[in-house]
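Numbering (my numbering), first residue to last: 2 to 128.
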């Protein structure tokens with residue numbers, strides 16, 4: 002992926018990017034993946050908070066701060082928490098918690114996309 006990014010940048014003169022997913026079954030493996038992404042020169046890594054947990058998210062965010070890498074938080078499986086009528090929490094609350102645990106930016110979807118939320122709700126996620 003890194004080679005393709007650098008090739009496309011050279012050909013077009015435009016900045017290209019890709020969030021390398023470092024989510025893993027253990028924090029140790031996650032950190033190895035983050036180190037590898039850094040070795041490739043990738044400025045952003047992606048982490049799926051739901052499958053790895055808040056502790057892993059915070060651990061990775063500390064590493065990112067120390068290494069000049071941005072942390073993108075993906076929200077796969079979020080509906081288990083935020084789309085339930087009888088339990089859970091609104092995604093806006095979840096987004097705030099993820100920011101407090103160190104995420105630099107969070108996958109919220111677009112105001113016209115397939116993900117849940119009208120324009121006001123979606124914009125509120127990034128507030």
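A virtual CB, placed ideally from N, CA and C, is assigned to each residue, including glycine.
Just so you know, these numbers come straight off a predicted model, no measurement behind them.
Bounding residues of the beta strand (DSSP E) (the contiguous stretch that carries residue i)
i: residue 48; result: 45-49
i: residue 72; result: 71-75
Where residue i sits in the DSSP three-state scheme
i: residue 87; result: coil
i: residue 106; result: strand
i: residue 16; result: coil
i: residue 99; result: helix
i: residue 21; result: strand
i: residue 41; result: coil
i: residue 1; result: Here the chain comprises residues numbered 2 to 128, so residue 1 is not present and cannot be evaluated.
i: residue 60; result: helix
i: residue 27; result: coil
i: residue 2; result: coil
Rounded distance between the beta-carbons of residue j and residue i, thought under 8 Å
i: residue 68; j: residue 39; result: 6 Å
i: residue 61; j: residue 31; result: 6 Å
i: residue 24; j: residue 52; result: 6 Å
Same chain, Cβ closer than 6 Å to residue i, neighbours up to 5 away in sequence not counted
i: residue 1; result: Because the chain spans 2 through 128 in this model, residue 1 falls outside it and cannot be assessed.
i: residue 108; result: 75 and 76
i: residue 102; result: 55, 58 and 59
i: residue 43; result: 21
i: residue 49; result: 24, 75 and 77
Residues near residue i in its chain [Cβ-Cβ closer than 8 Å; skip 5 each side]
i: residue 81; result: 51 and 89
i: residue 9; result: 15 and 17
7 Å CB neighbourhood of residue i in its chain, flanking five on each side removed
i: residue 41; result: 3
Cβ neighbour criterion (16 or more within 10 Å) applied to residue i
i: residue 35; result: buried
i: residue 14; result: exposed
i: residue 104; result: buried
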